[in-house]
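Under the working numbering, the first residue of the sequence shown carries the number 51, and numbering increases by one thereafter. We treat Cβ as the ideally placed atom computed from N, Cα and C, and that holds for glycine. Every value quoted in this text rests on a predicted model; they were computed, and no experiment measured them. Working notes for the structure below.
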Amino acid sequence: MLKGILIVILLLSSIGLIATILLQSGRSAGLSGAISGAGEAFFGKKKGMDELFGKLSVGFAAVFLLSSLAVSFLK
């Protein structure tokens, strides 16, 4: 029973992690974006939805990590 609940949590956290990563806006690529100033997010200026998606992706990653460890210990 507990193992089944943890697997459901693992599946939901993986779907949430994939969704939040895909919904984040793209960063400018490499050094050329930093030199030309094309992306201010390179210097840590995330606003609005990017900040929310960043925090959500960290949360989903933590839940994914902990639930995968718990499932592996229950086997």
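I'd like the list of long-range same chain contacts for Ser-117, defined as Cβ closer than 7 Å, with 5 residues on each side in sequence excluded.
Along the sequence shown, one-based indexing puts residue 117 at 67. So the list reads Leu-56, Ile-59, Leu-60, Ser-63, once near-sequence residues are dropped.
Three-way DSSP call (helix, strand, coil) for Gly-66 in this model:
Taking the sequence shown and counting its residues from 1, the one referred to as residue 66 is at position 16. The three-state secondary structure of Gly-66, taken from DSSP, is helix.
Can the beta-carbon of Ser-107 be found less than 8 Å from the beta-carbon of Thr-70?
Here residue 107 is taken as the residue at index 57 of the sequence shown, counted from 1. Here residue 70 is taken as the residue at index 20 of the sequence shown, counted from 1. Yes, Cβ-Cβ distance for Ser-107 and Thr-70 is below 8 Å.
With respect to the alpha helix (DSSP H) encompassing Ser-107, which residues constitute its N-terminal and C-terminal limits?
Taking the sequence shown and counting its residues from 1, the one referred to as residue 107 is at position 57. Note, Ser-107: alpha helix (DSSP H), 99 to 124.
Could you pull out every residue in the same chain whose Cβ sits closer than 7 Å to the Cβ of Phe-114, ignoring the five residues on either side in sequence?
Residue 114 sits at position 64 when you count from the first residue of the sequence shown. The answer, listed in chain order, is Leu-60, Ser-63, Ser-64, Leu-67.
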